[in-house]
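Residue numbers (the working numbering): 281 to 498.
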């Protein structure tokens, strides 16, 4: 029951980096991940090797303990290499971080960090996918949703920020309320927060699409 109530609070409380003035979290989610952006069914990426991300085809990518690892600008991390069939001058990358159940910890999430590759294969500065918005769905795994704009993208490494592992993604769903009631009694409630620990491994769904021009947000 608390999940349903939390979802209702989130639907009205999360505004985030909304692209259009007055757009609610529900509107934003539907525009990028729902009816406003219909897509084929999500397919699983290969378990090993480079992953080809075709525009318009969402891919489920698992970054597990068997994934390669290396030292990167944001610290040592497991990673997967993602390549595009052809370079895109401008693109929107929609990201879904699916919660994973871990013993003694509960539900965890993966903080996605992108390292775009230049023509020479060199890695650019890391791009952290943020903010991430919690989407709770009845009878399905909860997820964090995010979207970033990319320029001159031909491929990237999908990794995480080593410094956040063990910390938590956190969102304040409802602020504390303190006010007198109409009958003269003092009314007070505590703030409600949602927390999900960051893990070194996880599951991410990526979907990329070409854009006509550069833009700060999706």
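Ideal Cβ positions, reconstructed from N, Cα and C, are used throughout, including at glycine.
Residue i CB to nearest heavy atom of the ligand SAH below 7 Å
| i | result |
| --- | --- |
| residue 446 | No copy of the ligand SAH appears in this structure; indeed no ligand is present at all. |
Bridge-paired residues (DSSP) for residue i
| i | result |
| --- | --- |
| residue 498 | Residue 498 is not bridged to any residue. |
| residue 415 | 423 |
| residue 381 | 387 |
| residue 361 | 437 |
| residue 370 | 431 |
| residue 487 | 374 |
| residue 404 | Note: residue 404 sits in no beta bridge, so no partner. |
| residue 324 | 340 |
Residue range of the unbroken beta strand (DSSP E) whose run includes residue i
| i | result |
| --- | --- |
| residue 436 | 423-439 |
| residue 396 | 393-396 |
| residue 358 | 355-358 |
| residue 340 | 339-343 |
| residue 351 | 349-352 |
| residue 446 | Element bounds for residue 446: n/a, residue is neither H nor E. |
Between the CA atoms of residue j and residue i - distance to the nearest angstrom
| i | j | result |
| --- | --- | --- |
| residue 412 | residue 330 | 25 Å |
| residue 357 | residue 481 | 9 Å |
| residue 283 | residue 419 | In this prediction, residue 283 scores a pLDDT of 41, lower than 50, which makes its location untrustworthy; no coordinate-derived value is stated. |
| residue 506 | residue 378 | Summary: the structure shown does not reach residue 506, with the chain confined to residues 281 through 498, and so no result is reported for it. |
| residue 451 | residue 339 | 27 Å |
| residue 371 | residue 386 | 34 Å |
| residue 421 | residue 380 | 8 Å |
| residue 484 | residue 376 | 6 Å |
| residue 439 | residue 343 | 8 Å |
| residue 394 | residue 336 | 19 Å |
| residue 305 | residue 498 | 13 Å |
Same chain, Cβ closer than 7 Å to residue i, five either side skipped, listed in chain order
| i | result |
| --- | --- |
| residue 410 | 426 |
| residue 368 | 433, 490 |
The alpha helix (DSSP H) enclosing residue i, as first and last residue numbers
| i | result |
| --- | --- |
| residue 312 | 305-313 |
Cut-off 6 Å between Cβ atoms - residues of its own chain near residue i, not counting five sequence neighbours on either side
| i | result |
| --- | --- |
| residue 487 | 338, 374 |
| residue 444 | 391, 478 |
Neighbour flag for residue i against chain C, beta carbons, 8 Å
| i | result |
| --- | --- |
| residue 424 | The chain labelled as chain C is not found in the depicted structure, where only one protein chain is given. |
Same chain only: Cβ atoms within 8 Å of residue i, ignoring 5 sequence neighbours per side
| i | result |
| --- | --- |
| residue 310 | 316 |
| residue 354 | 393, 406, 408, 439, 440, 441, 442, 443 |
| residue 323 | 337, 338, 339, 340 |
Cβ contact (3+ pairs, closer than 8 Å) linking the stretch 429-437 and the stretch 311-329
The stretch 429-437 is not in contact with the stretch 311-329.
Could you say if the stretch 391-407 and the stretch 487-496 meet the contact criterion of at least three C-beta pairs nearer than 8 Å?
Using a C-beta cut-off of 8 Å, the stretch 391-407 makes no contact with the stretch 487-496, since fewer than three inter-stretch Cβ pairs fall below that distance.
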